[in-house]
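Enquirer:
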Amino acid sequence: MNDPLSFDALFDPAFMAAVQAFSLRIPNAQRGGRLADQRTSARGQGTDFTDFKPYVPGDDLRLIDWNIYRRLGQLSVRMFEERQDMPVYFLVDRSGSMFVESPPRIHAALRTALALAAVALGQQDSVGLFPFAEDMAVQARGISGKANVARIARHLAEHGRQGRTALSGAIDRLNAMKLRRGLVVILSDFFADGGLDPVVAAMARLPHRILMVQLVKPHDADPTLHPDLTGDIAIDGGEGDAAVRLRVTPVLIERYRAAYRMFDDMLTGFAGTHRAGLARIDADRPVIDQLTTLFGAGLPTP
Amino acid sequence: MTFALPVPVLLAGAVLIAGLLFALQRLRVRERVVALAGAMLWRQAARVTPPRILTERFRRWLAYLLALAIALLLWIGAGRPERVPGPTDRHHVFYLDAAAPMMAGNAYAEARRALIADVATVPAAQRTVYLGDPDDATVLEPGEPVALLARRLRGVQPAPRPSGFARWTAGFASAHAHDGKVVLHYYGSAAATAQARRHLPSAITLSPDYVAPATPGNRGIVALGASPAASGAWDRADILVAVAAADGSTVDPAALSLSRGGIAIDPGRLRAIGNGRFVVRDVAADGGTITAALPGDAFPADDRATLTLPMRRPIRIAIAPGVPPAMRAVIDADPALVPATPDAADVVIRRAGDRFGNDRPAMILTGPAAQADTFLFATADADERAALSDGLDRLGLADLDAARLADDLRRPVAVGFAAAPRRTISVWATIFAPGSGFATTRAMPLFVAQGVRWLAGPAPWVPYAGAGRPLLDQSELYGLVPDPAIARQRLGGDLVPAGTGAYRLGARQLSVALLDRETTMAAAAVPPPLAARHGAGGGIDPWFAVVMAAAALLLAVEWILYRRGVMP
Chain A
8 MNDPLSFDAL
18 FDPAFMAAVQ
28 AFSLRIPNAQ
38 RGGRLADQRT
48 SARGQGTDFT
58 DFKPYVPGDD
68 LRLIDWNIYR
78 RLGQLSVRMF
88 EERQDMPVYF
98 LVDRSGSMFV
108 ESPPRIHAAL
118 RTALALAAVA
128 LGQQDSVGLF
138 PFAEDMAVQA
148 RGISGKANVA
158 RIARHLAEHG
168 RQGRTALSGA
178 IDRLNAMKLR
188 RGLVVILSDF
198 FADGGLDPVV
208 AAMARLPHRI
218 LMVQLVKPHD
228 ADPTLHPDLT
238 GDIAIDGGEG
248 DAAVRLRVTP
258 VLIERYRAAY
268 RMFDDMLTGF
278 AGTHRAGLAR
288 IDADRPVIDQ
298 LTTLFGAGLP
308 TP
Chain B
922 MTFALPVPVL
932 LAGAVLIAGL
942 LFALQRLRVR
952 ERVVALAGAM
962 LWRQAARVTP
972 PRILTERFRR
982 WLAYLLALAI
992 ALLLWIGAGR
1002 PERVPGPTDR
1012 HHVFYLDAAA
1022 PMMAGNAYAE
1032 ARRALIADVA
1042 TVPAAQRTVY
1052 LGDPDDATVL
1062 EPGEPVALLA
1072 RRLRGVQPAP
1082 RPSGFARWTA
1092 GFASAHAHDG
1102 KVVLHYYGSA
1112 AATAQARRHL
1122 PSAITLSPDY
1132 VAPATPGNRG
1142 IVALGASPAA
1152 SGAWDRADIL
1162 VAVAAADGST
1172 VDPAALSLSR
1182 GGIAIDPGRL
1192 RAIGNGRFVV
1202 RDVAADGGTI
1212 TAALPGDAFP
1222 ADDRATLTLP
1232 MRRPIRIAIA
1242 PGVPPAMRAV
1252 IDADPALVPA
1262 TPDAADVVIR
1272 RAGDRFGNDR
1282 PAMILTGPAA
1292 QADTFLFATA
1302 DADERAALSD
1312 GLDRLGLADL
1322 DAARLADDLR
1332 RPVAVGFAAA
1342 PRRTISVWAT
1352 IFAPGSGFAT
1362 TRAMPLFVAQ
1372 GVRWLAGPAP
1382 WVPYAGAGRP
1392 LLDQSELYGL
1402 VPDPAIARQR
1412 LGGDLVPAGT
1422 GAYRLGARQL
1432 SVALLDRETT
1442 MAAAAVPPPL
1452 AARHGAGGGI
1462 DPWFAVVMAA
1472 AALLLAVEWI
1482 LYRRGVMP
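Written out as structure tokens, the structure is:
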């Protein structure tokens, strides 16, 4: 139950059908039909006319506008907007905290990643997979085409439990790769070692657009919803640290709630100040339904 | 306050409980492991709330004291605290009769149930329970739990013997006349209740809390005994049997049956002599049994009685040559004596120095030169010698004109006693001379006949044996001395058979029957209405109730604190 989803579970026909429907629905809902509308300043031979330029030898003769020549006696060629593919970089958290609990948050994270990757591939965008825990790995780059959804699923199914959550380090490493600007989708619970401050700082340094997909559970915000959080307990975060020994009291619960509010406010604040997207996915509920609701309401992207 | 448990046990248990609870408090708590992704936030929250050591420890101590108070209260409750009875508190004495009247139907079982239920309502320190058995045993002392009572009464059944409650009450009243107020709860028969009331002082209240139901139409055998045959036959006995009906009616003789050794006695031999009495004459006194039966009612304890007949057989006597004719004449005329050879004789008469049955009890004819006493009685048992000295008049010596005899003999007449391996009577032969002052008196044949009987040592004569009544030995009447075996067994007191059936008496076995007119007549007595119960009210001691209520209250408090997360 705490293992990553197998390929068969991830590439489940029912789920894939839902992903397919989702991926078809989203372009109609989104302005520009893309995960993030990415217009480039590059001029090329796209389909959207933008301007004329004088003919120089070598230009495509088919682009010469003869009307202008008749009127002005000047050879000019039409220019079109360059519609480049938008790379979508998926940073998937596979640290231990994503694998504890039942069901583990990694299941929702992998399904979310596959659904979003399917949308991106459907829109002819390229997809890169960068799973991380203590280190970040480059699992796949520049995968494009709808036919590669299964390939993405196969890669995602390989995400086994790693060690601790070094999210800020993964972000910095991704930044250091000087990748083409695109969209970075961070799928994590964001329970990182050292707190959120270094994570926020690292995200702020990214030149890419950011979409934070936070995998949550109801008891994250309200511990009283967890039946085992009473009395004397030892909390195991799944990342090799010593268990946190506690006696759950009303005072402690209030302290936790305050800490969680600070944590949550920091994420929300970053999303607001840096025009990043923040989507909260309940790991205990079906992913597609939540994504559909989110995208239907407008993907929380800047 | 007193406790059912000994105080040292109570204190030791309290210390043990306190120690166990303290150890539990100190033991490392085994936490439940909970898998949570957000462990870092919990760690952060825990760091913000460092353990407040003083408060935490103080809360632990409060929790410990609360748990300890609850545990100690429950332990004290288990010790069954009870209020110490004050001087104005009544003591309750319970008496369960286990005699013949309780044998009717389910009387005893019902009485036992009622007793146990009533005893449970009285504080342990204020009750004592007695069982109406032959020993009037104490089956529950003050302070003992009622569970012991049920255990001690297990298997106890009433016995066919008269109720001893009235007798016991008399002794109890005299022993406890100044003990304060006593309520005597009786579970038995109406007749015993009425008898007991006569012995009670004002400080003792008699409460018949169970009375056996009446047995209407009861009739029973109230006497069965044997006496030497009026015909004079030595080896015969006359049997007396008496019957009575509780309603005073005459019992039809045809309903009464007698049997001897299992063989029915001809009813024609049964002669009525009035007042429900019947006699059978000249029954062979051979140590067998006579059984009388009068069945046909619901109270069987008095419907049957068995009597062991005395043993009376002719005395075999051997007479040596040279015995004075006067003695021979007495021997020949006595139907209880039959001639025999010295080897087969029970008793011999010989002259001193004769070698004639020397290993037998003997009447020895001697002279003044050989012994100083005119009459010398010898036996091995000093008690027998003492009993014989008390019964010399039955030897006819009381009628002896000793002065005249002394004149005739020109010697003083004296009686002496000596120790010897076997019984002997040594007597001057000259007193039997014709014309002597002794031979021609009526004392002489009496002396010879009774002397021979004493020498033979006949079996004891126990005319009847009634349960719960002292055994009667009439051997002295029909012999010379009481039966030595009975005397030894009695040890100066009475032999009282506890119940009916066989009763061992030395080498002999007697049959004991109920034979109690009061029991037979009272069996049909209609019991009076039961008086209001005199229980102490409420089976729960106030101290016990207070302790348990306090424990329950503290348990509720602990539960509330636990639910609120305040209890560690």
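Each protein sequence line maps, in turn, to chains A and B. If you want the working numbering, it's the 1-based position in the first sequence plus 7. If you want the working numbering, it's the 1-based position in the second sequence plus 921. Every residue gets a Cβ at the ideal spot worked out from N, C-alpha and C, and that includes glycine.
#1: Mark R1033 of chain B as exposed unless 16 or more other C-beta atoms lie within 10 angstroms of its C-beta, in which case mark it buried.
#2: Select from the segment 126–155 of chain A all residues with a C-beta closer than 7 Å to any C-beta belonging to chain B, and list them in chain order.
#3: So, are the CB atoms of V1269 of chain B and A1239 of chain B less than 8 Å apart?
#4: How many angstroms separate the CA atom of P1381 of chain B from the CA atom of P927 of chain B?
#5: CB-CB under 8 Å to D1415 of chain B, same chain, minus the five flanking residues each way: which ones, in chain order?
#6: Should E165 of chain A be flagged as near chain B, meaning a C-beta pair shorter than 8 Å?
#7: Can you give me the start and stop residues for the alpha helix (DSSP H) that W1349 of chain B sits inside?
#8: Just to confirm before moving on: does the CB-CB distance between E1031 of chain B and Y1107 of chain B stay below 8 Å?
#9: What's the C-alpha gap between L259 of chain A and L174 of chain A?
#10: Where DSSP assigns a beta bridge to L1482 of chain B, which residues make up the other side?
#11: With a threshold of 8 Å, are at least 3 pairs of Cβ atoms found where one atom belongs to the segment 1180–1190 of chain B and the other to the segment 1206–1226 of chain B?
#12: What does L253 of chain A touch in chain B if you count any residue whose Cβ is under 7 Å from its own?
#13: Do the CB positions of F137 of chain A and L98 of chain A come within less than 8 Å of each other?
#14: Do D245 of chain A and G103 of chain A have their CB atoms nearer than 8 Å?
#15: So with CB distances below 7 Å, who are the chain A contacts of A956 of chain B?
#16: Quick one: what's got a C-beta closer than 7 Å to D15 of chain A's C-beta in the same chain, skipping five residues either side?
#17: Give me, in chain order, the residues of the same chain whose beta-carbon lies closer than 6 Å to that of S48 of chain A; leave out the 5 immediate sequence neighbours on both sides.
#18: If we count the other Cβ atoms within 10 Å of its Cβ and call it buried at 16 or more, is P1129 of chain B buried or exposed?
#19: Apply the 10 Å Cβ neighbour rule to I1555 of chain B and answer buried if 16 or more other Cβ atoms are within range, or exposed otherwise.
#20: Please compile the residues from chain A whose C-beta is within a distance smaller than 7 Å of the C-beta of A939 of chain B.
#21: For a contact meaning CB atoms closer than 9 Å, what does A1058 of chain B contact in chain A?
#22: How would you write the range of the alpha helix (DSSP H) that D1039 of chain B sits in, first residue to last?
#23: Would the segment 1009–1019 of chain B count as touching the segment 1083–1103 of chain B if we require 3 or more Cβ pairs under 8 Å?
#24: Going along chain A in order, which residues have a C-beta closer than 7 Å to the C-beta of G959 of chain B?
#25: I'd like to know whether the C-beta atoms of D196 of chain A and R264 of chain A end up nearer to each other than 8 Å.
#26: What number of angstroms, rounded off, separates the C-alpha of A1058 of chain B from the C-alpha of L942 of chain B?
#27: Inspect the CB distances between the segment 1161–1174 of chain B and the segment 1415–1427 of chain B and report whether three or more fall short of 8 Å.
#28: Just the C-alpha distance for T237 of chain A and A966 of chain B, rounded to the nearest angstrom, thanks.
#29: Would you mind telling me which residues of chain B sit closer than 7 Å to L236 of chain A, beta carbon to beta carbon, in chain order?
#30: Run through DSSP, which three-state label would G135 of chain A get?
#31: For a test of your reading of the model: does the CB of R1198 of chain B fall under 7 Å from any non-hydrogen atom of the ligand COA? Yes or no.
#32: If you draw a straight line from the alpha carbon of I1352 of chain B to that of R1276 of chain B, how long is it in whole angstroms?
#33: State the DSSP-derived secondary structure class of V936 of chain B, mapped to helix, strand or coil.
#34: Helix, strand or coil: how does DSSP classify I295 of chain A here?
#35: Closer than 8 Å, Cβ to any Cβ of chain B: which residues of the segment 166–192 of chain A, in chain order?
#36: Between A1226 of chain B and L1436 of chain B, which are expected to be in contact by the criterion C-beta below 8 Å, what is the C-beta distance as a whole number of angstroms?
Expert: According to the structure data:
#1: Here residue 1033 of chain B is taken as the residue at index 112 of the second sequence, counted from 1. The residue in question, R1033 of chain B, is buried, as its Cβ has 16 or more Cβ neighbours within 10 Å.
#2: none
#3: As a working mapping, residue 1269 of chain B is identified with position 348 in the second sequence. As a working mapping, residue 1239 of chain B is identified with position 318 in the second sequence. Yes, these two residues count as a Cβ contact at 8 Å.
#4: On the second sequence, residue 1381 of chain B is found 460 positions in, with the first residue counted as 1. On the second sequence, residue 927 of chain B is found 6 positions in, with the first residue counted as 1. Going from the Cα of P1381 of chain B to the Cα of P927 of chain B covers about 55 Å.
#5: Along the second sequence, one-based indexing puts residue 1415 of chain B at 494. The answer, listed in chain order, is P1391 and L1392.
#6: If you number the first sequence from 1, residue 165 of chain A lands on position 158. No, its Cβ sits nowhere closer than 8 Å to a Cβ of chain B.
#7: Counted from its first residue, the second sequence places residue 1349 of chain B at position 428. First-last for W1349 of chain B: T1345 to W1349, but that is the beta strand (DSSP E), not the alpha helix (DSSP H).
#8: Taking the first residue of the second sequence as 1, we reach residue 1031 of chain B at position 110. Taking the first residue of the second sequence as 1, we reach residue 1107 of chain B at position 186. Contact: no.
#9: Indexing the first sequence from 1 puts residue 259 of chain A at position 252. Indexing the first sequence from 1 puts residue 174 of chain A at position 167. Cα to Cα, the separation comes out at about 27 Å.
#10: Numbered from 1 along the second sequence, position 561 holds the residue referred to as residue 1482 of chain B. Bridge partners of L1482 of chain B: none, in fact.
#11: yes
#12: Sequence index remark: in the first sequence, residue 253 of chain A carries index 246 (1-based). Under the 7 Å cutoff, chain B gives W963 and A967.
#13: Translated into positions along the first sequence, residue 137 of chain A becomes position 130. Translated into positions along the first sequence, residue 98 of chain A becomes position 91. A contact, by the Cβ cut-off of 8 Å.
#14: For the purposes of this step, residue 245 of chain A is taken as the residue at position 238 of the first sequence. For the purposes of this step, residue 103 of chain A is taken as the residue at position 96 of the first sequence. Just to set this straight, residue 245 of chain A is Gly in the shown sequence, not Asp. Contact: yes.
#15: For the purposes of this step, residue 956 of chain B is taken as the residue at position 35 of the second sequence. Chain A residues near A956 of chain B: V107, E108, D243 and G245.
#16: Residue 15 of chain A sits at position 8 when you count from the first residue of the first sequence. Excluding positions up to five away in sequence, the list is empty.
#17: The count along the first sequence starts at 1 and reaches residue 48 of chain A at position 41. Confidence in S48 of chain A is poor, its pLDDT being 45 and thus under 50, which makes the residue's placement too unreliable to answer from.
#18: To locate residue 1129 of chain B, count along the second sequence from 1; it is residue 208. By the neighbour-count rule (16 or more Cβ atoms within 10 Å), P1129 of chain B is buried.
#19: Residue 1555 of chain B lies beyond the stretch modelled for chain B, which goes from 922 to 1489, so this question has no answer here.
#20: To locate residue 939 of chain B, count along the second sequence from 1; it is residue 18. None at all; the shortest Cβ gap to chain A is about 23 Å.
#21: Translated into the one-based positions of the second sequence, residue 1058 of chain B becomes position 137. In chain order: nothing, as chain A lies at least about 58 Å away.
#22: As a position in the second sequence, residue 1039 of chain B is number 118, starting the count at 1. According to the DSSP assignment, D1039 of chain B belongs to the alpha helix (DSSP H) that extends over A1028 to A1041.
#23: Cβ pair count under 8 Å is three or more, so yes.
#24: Along the second sequence, one-based indexing puts residue 959 of chain B at 38. Residues of chain A passing the Cβ test: F198 and D227.
#25: Indexing the first sequence from 1 puts residue 196 of chain A at position 189. Indexing the first sequence from 1 puts residue 264 of chain A at position 257. In this structure, R264 of chain A does not lie closer than 8 Å to D196 of chain A by Cβ.
#26: Residue 1058 of chain B sits at position 137 when you count from the first residue of the second sequence. Residue 942 of chain B sits at position 21 when you count from the first residue of the second sequence. Straight-line Cα distance between these residues: approximately 45 Å.
#27: no
#28: Residue numbering aside, residue 237 of chain A sits at position 230 when the first sequence is read from its first letter. Residue numbering aside, residue 966 of chain B sits at position 45 when the second sequence is read from its first letter. For T237 of chain A and A966 of chain B, the distance between alpha carbons rounds to 15 Å.
#29: Here residue 236 of chain A corresponds to residue number 229 of the first sequence, with the count starting at 1. Here the neighbours are V955.
#30: Position 128 of the first sequence, counting from 1, holds the residue named residue 135 of chain A. It is a strand residue.
#31: Although the ligand COA was asked about, the structure shown includes no ligands whatsoever.
#32: As a first step, residue 1352 of chain B is located in the second sequence; it is residue number 431 there, counting from the start. As a first step, residue 1276 of chain B is located in the second sequence; it is residue number 355 there, counting from the start. Roughly 22 Å between the two C-alpha positions.
#33: For the purposes of this step, residue 936 of chain B is identified with residue 15 of the second sequence, where counting begins at 1. Helix at V936 of chain B.
#34: Numbered from 1 along the first sequence, position 288 holds the residue referred to as residue 295 of chain A. Secondary structure of I295 of chain A (DSSP, three-state): helix.
#35: If the cut-off is 8 Å between Cβ atoms, the segment 166–192 of chain A has nothing near chain B.
#36: Position 305 of the second sequence, counting from 1, holds the residue named residue 1226 of chain B. Position 515 of the second sequence, counting from 1, holds the residue named residue 1436 of chain B. The distance from the Cβ of A1226 of chain B to that of L1436 of chain B is about 6 Å, consistent with a contact at the 8 Å cut-off.
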